[in-house]
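A.B. asks: Dropping the structure in here first, questions after.
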Amino acid sequence: MLKLGSLLKFTQRFHQKRAAEGHKFNSCVDHSWLSEYHQKLLYKHVAGELLELQDLCFKNSPCQGRYIILRFRKLVRELEPEASKVIELFPLILCDSLDELQEH
Numbered sequence: 004m005l006k007l008g009s010l011l012k013f014t015q016r017f018h019q020k021r022a023a024e025g026h027k028f029n030s031c032v033d034h035s036w037l038s039e040y041h042q043k044l045l046y047k048h049v050a051g052e053l054l055e056l057q058d059l060c061f062k063n064s065p066c067q068g069r070y071i072i073l074r075f076r077k078l079v080r081e082l083e084p085e086a087s088k089v090i091e092l093f094p095l096i097l098c099d100s101l102d103e104l105q106e107h
């Protein structure tokens, strides 16, 4: 869960930085400090979603943890999703790893 939170924050900062770079080239004045002040968290955990996510984590074996995190990081790097979409990728990877475990 901590890795997911840190990756979500990283993705938010990445997209903010990319947007700020675009604004710098489009105008003479950099107003990025104003937008950073008013940034709100793009995702808040809903109790039901958090319980489902924890349940998926507990269903996966601990030895799969590293594999799951590596797949998640790779997918985020490849897709470069918006921060609000990052949280949707993690359960998909957890479900995929459960399916792979059931096949073996």
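Residue numbering for the sequence shown follows this note's numbering, starting at 4 and increasing by one per position. No residue lacks a Cβ here, since even glycine has one placed at the ideal position from N, Cα and C.
Mark Phe61 as exposed unless 16 or more other C-beta atoms lie within 10 angstroms of its C-beta, in which case mark it buried.
C.D. replies: exposed
A.B. asks: Round the Cβ separation of Ala86 and Leu7 to the nearest angstrom and send it over; I've been treating them as touching at under 8 angstroms.
C.D. replies: Going by Cβ atoms, the distance from Ala86 to Leu7 rounds to 12 angstroms, so no, they are not a contact pair.
A.B. asks: Can you say whether Ser100 is buried or exposed, counting buried as having 16 or more other CB atoms within 10 angstroms of its CB?
C.D. replies: Buried, because 16 or more other Cβ atoms sit within 10 Å of the Cβ of Ser100.
A.B. asks: Determine the direct distance from the alpha carbon of Lys20 to that of Arg54, and round the result to whole angstroms.
C.D. replies: Looking at the sequence shown, residue 54 is not Arg but Leu. Taking the straight line from one Cα to the other gives about 32 angstroms.
A.B. asks: I need the DSSP call for Glu52, collapsed to helix, strand or coil.
C.D. replies: helix
A.B. asks: Just mark Leu176 as buried or exposed, buried being the case when its beta carbon has 16 or more other beta carbons within 10 Å.
C.D. replies: Because the chain here runs from 4 to 107, residue 176 falls outside it and cannot be looked at.
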